[in-house]
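Enquirer: Residue numbers for the sequence shown follow the working numbering, beginning at -8 and rising by one.
A virtual CB, placed ideally from N, CA and C, is assigned to each residue, including glycine.
One structure, as structure tokens, below. Some questions next.
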Amino acid sequence: MRSSLNNANQASLLGGLYCDADRVSALIAPVEKAMVRKRCSGDHINIVDCHCDDIGVFVADVGGLDLNSKALSGGSPFIADDITIVPRDWFDRSPDTIESNVVGIRIGDILSKQPRRKWGTLILNDDVHIDLAVLSRPVFRGKRVILFASGEDVVIEGLWWRRHAISLFEAIAAGGFYAVTGMNFSLFLYECPLAHLINLNKSLAFCDELSKLGVSVVPHVYAVNDYQRTKWVELLDQRPNIQTVTINTQLQRDRHSMREVESTVTELVTKTGVNVVLNGRKPHTDAWTSAWSGRVFMANQQGLKKRAIIEKAMLSALAY
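Put into structure tokens, the structure is as follows:
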């Protein structure tokens, strides 16, 4: 089921009691908070919401809640093909093993240290920083590389909160990437719309800071209701320099969440001029071969991983 505004079955009659997001900001529509399924806790567990006493700190951290305050005035590439994201075990292969001149790399693969487990919890070391040495590995020679700033929450959130200490934007800009995507800060169905709006602004602020440094950006678009989709359409209409956006679909394992992606893609394709790159899973929809044709593309590691499995099987067979 969708959480669209025209779907009355998704709106909780108790939403007005559960959530006070519209009292915090006029940018939140009352109908959005009606979708909240349980009371916003204000305990900072997993998300910050409208009942957190220090919510103003988080709003200020993203430069305010108005998406239009993020200029995104720099360049943005026109992407009209599928993109291979290179897995780590492919880094020392010849560049000729990938036909395309444009490839992707995950932000987690340019970190000085990988996340580690401490007392059963995955953490990111405080001294982590961007390490561009990997771009000198054989497979990237002569390639234009897109940095996909998507991954585990511990990586994405950890880098954001350390961004000033580790000069994150300057470090990424030094990589000479063909483009960098927005970070995929999570939006979950039925949670506080204020938390949603903070994360949308956080991702746009990431792009905006890179754009100021001359980096070509591909904003990450994610929406879980029609109201948010309308905001994205309005934003992109005012920024014709943005030619491509991305949507992370790696965690859309159930039909409900994938339908939200499909609704967002359809809205973007029919009401804006941008192309869409889906980073992860491919939706199972007829739209893929009709309305989306020539406008929607995939970016993932699946092709190379399948090749590696086949190669390994063939070597094992030859060994007998």
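Hey, would you say residue 94 sits closer than 8 Å to residue 138, going by beta carbons?
Expert: Counting from one through the sequence shown, the residue named residue 94 turns up at place 103. Counting from one through the sequence shown, the residue named residue 138 turns up at place 147. In this structure, residue 138 does not lie closer than 8 Å to residue 94 by Cβ.
Enquirer: If you draw a straight line from the C-alpha of residue 23 to the C-alpha of residue 184, how long is it?
Expert: To locate residue 23, count along the sequence shown from 1; it is residue 32. To locate residue 184, count along the sequence shown from 1; it is residue 193. So the two alpha carbons sit approximately 6 Å from each other.
Enquirer: According to DSSP, is residue -7 helix, strand or coil?
Expert: Working through the sequence shown from its first residue, we reach residue -7 at position 2. Residue placement at residue -7 is poorly supported in this model, since its pLDDT is 35, which falls under 50; the coordinates still yield a value, given next. Of the three classes helix, strand and coil, the one that applies to residue -7 here is coil, per DSSP.
Enquirer: Residue 168 and residue 204: beta carbons closer than 8 Å?
Expert: Residue mapping note: residue 168 aligns to position 177 of the sequence shown, counting from 1. Residue mapping note: residue 204 aligns to position 213 of the sequence shown, counting from 1. Not in contact: residue 168 and residue 204 (Cβ atoms no closer than 8 Å).
Enquirer: Does DSSP put residue 2 in a helix, a strand or coil?
Expert: Counting from one through the sequence shown, the residue named residue 2 turns up at place 11. Low local confidence applies: a pLDDT of 48 at residue 2 is under 50, so the model's placement there is unreliable, and no value is given.
Enquirer: For residue 113, name the three-state secondary structure that DSSP assigns.
Expert: Within the sequence shown, numbered from 1, the residue matching residue 113 stands at position 122. Note: residue 113 maps to strand in three-state DSSP.
Enquirer: What's the gap between the Cα of residue 88 and the Cα of residue 36?
Expert: What you label residue 88 is simply residue 97 of the sequence shown in a count that begins at 1. What you label residue 36 is simply residue 45 of the sequence shown in a count that begins at 1. If you take the alpha carbons of residue 88 and residue 36, they lie about 44 Å apart.
Enquirer: Please list the segments of the alpha helix (DSSP H) lying wholly inside the region 181 to 248, counting only runs of 4 or more residues, in order along the chain.
Expert: Segments of the alpha helix (DSSP H) lying fully in the region 181 to 248: 184 to 203, 217 to 228.
Enquirer: Quick check on the DSSP output: the alpha helix (DSSP H) that includes residue 149 runs from which residue to which?
Expert: Here the question's residue 149 lines up with position 158 in the sequence shown. Its alpha helix (DSSP H) spans residues 144 to 152.
Enquirer: Compute the distance between the beta-carbons of residue 178 and residue 145, then report whether it is under 8 Å.
Expert: One-based indexing of the sequence shown puts residue 178 at position 187. One-based indexing of the sequence shown puts residue 145 at position 154. No, the pair does not count as a contact, with Cβ atoms beyond the cut-off.
Enquirer: Of all the options 73, 257, 154, which has the alpha carbon lying nearest to the alpha carbon of residue 193?
Expert: For the purposes of this step, residue 193 is taken as the residue at position 202 of the sequence shown. Here the closest residue by C-alpha is 154.
Enquirer: Taking residue 240 as the reference, which of 162, 275, 263 has the closest Cα?
Expert: Position 249 of the sequence shown, counted from the start, is the residue given in the question as residue 240. Per the Cα distances, 275.
Enquirer: By a C-beta neighbour count over all protein chains shown, 10 Å radius and 16 as the cutoff for buried, is residue 27 buried or exposed?
Expert: For the purposes of this step, residue 27 is taken as the residue at position 36 of the sequence shown. With 16 or more other Cβ atoms within 10 Å, it is buried.
Enquirer: Assuming residue 78 and residue 295 make a contact with CB atoms under 8 Å, what is their CB distance in whole Å?
Expert: Locating residue 78 in the sequence shown gives position 87, where the first residue counts as 1. Locating residue 295 in the sequence shown gives position 304, where the first residue counts as 1. 6 Å between Cβ atoms; contact.
Enquirer: Note down the Cα distance separating residue 42 from residue 152, rounded to an integer number of angstroms.
Expert: One-based indexing of the sequence shown puts residue 42 at position 51. One-based indexing of the sequence shown puts residue 152 at position 161. Taking the straight line joining both Cα atoms gives about 21 Å.
Enquirer: Can you list, in chain order, the residues of its chain whose CB lies under 7 Å from that of residue 262, leaving out five sequence neighbours each side?
Expert: The residue labelled residue 262 in the question sits at position 271 within the sequence shown. Within the same chain, residue 262 has close Cβ partners 224.
Enquirer: Go through its chain and collect everything with a Cβ distance to residue 123's Cβ below 7 Å, but skip five positions before and after it.
Expert: The residue given as residue 123 occupies position 132 in the sequence shown. Around residue 123: 101, 165, 166.
Enquirer: Of all the options 91, 119, 96, which has the alpha carbon lying nearest to the alpha carbon of residue 104?
Expert: In the sequence shown, the residue the question calls residue 104 occupies position 113. That would be 119, whose Cα lies nearest to the Cα of residue 104.
Enquirer: Taking residue 290 as part of the beta strand (DSSP E), name the residues at either end of that continuous run.
Expert: The sequence position of residue 290 within the sequence shown is 299, counting from 1. It spans 287 to 291 - the beta strand (DSSP E) in which residue 290 sits, taken as one unbroken run.
Enquirer: Residue 189 and residue 50 look like a contact to me (Cβ under 8 Å); what is the Cβ gap, rounded to whole Å?
Expert: Locating residue 189 in the sequence shown gives position 198, counting from the first residue. Locating residue 50 in the sequence shown gives position 59, counting from the first residue. About 7 Å separates the two Cβ atoms, so the contact holds.
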